[in-house]
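Student: Okay, here's the structure, questions in a sec.
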Amino acid sequence: MPELPEVETIKSELSPHIIGRSINGVTLLWERMLSQPSPEEFHLHIAGKKITGLARRGKYLIFRLDSGDSLIIHLRMSGALILGGDPTPKYTRAIIHLNNGKSIFFCDPRKFGRIQLVKDECDITKKLGPEPLEKDFTAEVLGKMLSKRKAPVKAVLIDQALIAGIGNMYADEALFAARINPLRPADSLSQNEINRLHKAIRMVLRDAIDSKGASVSNYFRPGGEKGSAHSHFKVAHRKGELCPVCGRPIKRISIRQRGSHYCPKCQPERG
DNA sequence: CCCGGAACCTGAAGGC
DNA sequence: TGCCTTCAGGTTCCGG
Numbered sequence: 011m012p013e014l015p016e017v018e019t020i021k022s023e024l025s026p027h028i029i030g031r032s033i034n035g036v037t038l039l040w041e042r043m044l045s046q047p048s049p050e051e052f053h054l055h056i057a058g059k060k061i062t063g064l065a066r067r068g069k070y071l072i073f074r075l076d077s078g079d080s081l082i083i084h085l086r087m088s089g090a091l092i093l094g095g096d097p098t099p100k101y102t103r104a105i106i107h108l109n110n111g112k113s114i115f116f117c118d119p120r121k122f123g124r125i126q127l128v129k130d131e132c133d134i135t136k137k138l139g140p141e142p143l144e145k146d147f148t149a150e151v152l153g154k155m156l157s158k159r160k161a162p163v164k165a166v167l168i169d170q171a172l173i174a175g176i177g178n179m180y181a182d183e184a185l186f187a188a189r190i191n192p193l194r195p196a197d198s199l200s201q202n203e204i205n206r207l208h209k210a211i212r213m214v215l216r217d218a219i220d221s222k223g224a225s226v227s228n229y230f231r232p233g234g235e236k237g238s239a240h241s242h243f244k245v246a247h248r249k250g251e252l253c254p255v256c257g258r259p260i261k262r263i264s265i266r267q268r269g270s271h272y273c274p275k276c277q278p279e280r281g
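According to this note's numbering, the first sequence is numbered sequentially starting from 11.
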């Protein structure tokens, strides 16, 4: 599932191929993928616009256009952006046609991904919490967030309004690295645990970016290659496998209807 | 505001 | 082998 490291990888690998290019038009094969504006408005305002920059905020990928508008893509669960000519990849739901004969194929078996064209990208990004890899995301900032919440710390980590870009698998990995049980009430963490968690979040995300993201589900890089971050996972998606630290089986429980993987020994109920 | 649960989707995996 | 059910989870919406 594309989370921060996957979207960051897509941004880096797509950028050199598309910045400075113009968009001839966009084909929508699954119209509900467009959340705003209307299809008529969308086609009217996108045709012929030049891509001046590509940015990421949380899990959103932002194409900045010379018109001042921004084309914003969210891959949600199973989306991938593949750069190519032909043939059209399986599960293609939208095609962004560039002026060099190449296209960006938005492939998404689950049809959860979304495209929108907005005048002001802040309308979308202002709802997001800080970027976990930026300087302003300090242990103090994290501690303040957690201290206001009684929900399980796992649920708080994946709340995009608090921290932007962490999803289910990297939350599990960060909590394991910090040796914190995912069910612990967020406001029950000690200062030491907050510091560990802060460090773990940044380490886990940076490592995953170095590995070009985790190819679970339908994630592919723009060239069609997979990432390798999933092969370094210690607990995420590893139910029943043995903990690399203590050798006990990884447990899987449901938190907020999300599969949560952890080691009962290394991440005990009470810190 | 805070919290938890349902809905959106469909391929994959598991049960019988 | 095959049908059927369940699972996967990012975001949005809704109810308590």
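C-beta atoms are modelled at their ideal positions from N, C-alpha and C, and glycine is treated no differently. What you are looking at is a predicted structure, and each value in this text was computed from that prediction instead of being measured.
1) Buried or exposed: residue 200, going by 16 or more other Cβ atoms within 10 Å of its Cβ?
2) Run through the DSSP bridge pairs and tell me what residue 186 is partnered with.
3) What number of angstroms, rounded off, separates the C-alpha of residue 31 from the C-alpha of residue 258?
4) Using C-beta distances below 6 Å, list every residue in its chain close to residue 262, excluding the 5 sequence neighbours before and after it, in chain order.
5) To the nearest angstrom, report how far apart residue 105 and residue 136 are at their CA atoms.
6) Assign residue 110 to buried or exposed, taking buried as 16 or more other Cβ atoms, counted over all protein chains shown, within 10 Å of its Cβ.
7) At the level of alpha carbons, what is the spacing between residue 113 and residue 24?
8) Distance, Cα to Cα, residue 264 vs residue 193?
9) Which of the three DSSP states, helix, strand or coil, is assigned to residue 216?
10) Could you check which residue in 232, 254, 245 and 252 has the C-alpha nearest to that of residue 22?
11) Under a three-way DSSP split, which group does residue 46 fall into?
12) Considering only residues of the same chain and omitting the five flanking positions on each side of residue 157, which have a CB-CB separation below 8 Å?
13) Please confirm whether residue 86 and residue 139 have their CB atoms less than 8 Å apart.
14) Would you kindly work out how many angstroms separate the C-alpha atoms of residue 5 and residue 13, rounded to a whole number?
15) Please name the residue or residues paired with residue 259 in a DSSP beta bridge.
16) Name, in chain order, the residues that DSSP records as bridge partners for residue 94.
17) For residue 126, does the three-state DSSP call read helix, strand or coil?
18) So the candidates are 280, 160 and 241; which of them puts its Cα closest to the Cα of residue 203?
19) Exposed or buried, what is residue 235 when buried is set at 16 or more other beta-carbons lying within 10 Å of its beta-carbon?
20) Do the CB positions of residue 219 and residue 19 come within less than 8 Å of each other?
Tutor: The structure says:
1) Indexing the first sequence from 1 puts residue 200 at position 190. When all chains shown are included, residue 200 counts as exposed.
2) On the first sequence, residue 186 is found 176 positions in, with the first residue counted as 1. Looking at the DSSP assignment, residue 186 forms no beta bridge with any residue, so it has no partner.
3) Residue mapping note: residue 31 aligns to position 21 of the first sequence, counting from 1. Residue mapping note: residue 258 aligns to position 248 of the first sequence, counting from 1. Taking the straight line joining both Cα atoms gives about 52 Å.
4) Residue 262 sits at position 252 when you count from the first residue of the first sequence. Closer than 6 Å at the Cβ level, and outside the excluded window around residue 262, lie 249, 269 and 271.
5) Against the first sequence, residue 105 aligns to sequence position 95. Against the first sequence, residue 136 aligns to sequence position 126. Taking the straight line from one Cα to the other gives about 28 Å.
6) Your numbering for residue 110 matches position 100 in the first sequence. Exposed, because fewer than 16 other Cβ atoms sit within 10 Å of the Cβ of residue 110.
7) For this step, residue 113 is matched to residue 103 along the first sequence. For this step, residue 24 is matched to residue 14 along the first sequence. Roughly 11 Å between the two C-alpha positions.
8) Residue 264 sits at position 254 when you count from the first residue of the first sequence. Residue 193 sits at position 183 when you count from the first residue of the first sequence. Residue 264 and residue 193: Cα-Cα distance of roughly 10 Å.
9) Taking the first residue of the first sequence as position 1, residue 216 is located at position 206. Here residue 216 sits in helix by DSSP.
10) As a first step, residue 22 must be located in the first sequence, where it is residue number 12. Of 232, 254, 245 and 252, the residue nearest in Cα terms is 232.
11) What you label residue 46 is simply residue 36 of the first sequence in a count that begins at 1. DSSP, read as helix, strand or coil, puts residue 46 in strand.
12) Mapped onto the first sequence, residue 157 falls at position 147. Once the five neighbours on either side are set aside, the close Cβ partners of residue 157 are 196 and 197.
13) The sequence position of residue 86 within the first sequence is 76, counting from 1. The sequence position of residue 139 within the first sequence is 129, counting from 1. It is not a contact, given that the beta carbons lie outside the stated cut-off.
14) Residue 5 lies beyond the range of the chain shown here (11 to 281); nothing can be said about it.
15) In the first sequence, residue 259 corresponds to position 249, counting from 1. Answer is 252.
16) Numbered from its first residue, the first sequence carries residue 94 at position 84. Answer is 113, bridged to residue 94.
17) Sequence index remark: in the first sequence, residue 126 carries index 116 (1-based). For residue 126, the three-state secondary structure derived from DSSP is strand.
18) In the first sequence, residue 203 corresponds to position 193, counting from 1. Minimum Cα distance to residue 203 is reached at 280.
19) The sequence position of residue 235 within the first sequence is 225, counting from 1. Exposed, since its Cβ has fewer than 16 Cβ neighbours within 10 Å.
20) As a first step, residue 219 must be located in the first sequence, where it is residue number 209. As a first step, residue 19 must be located in the first sequence, where it is residue number 9. Contact: yes.
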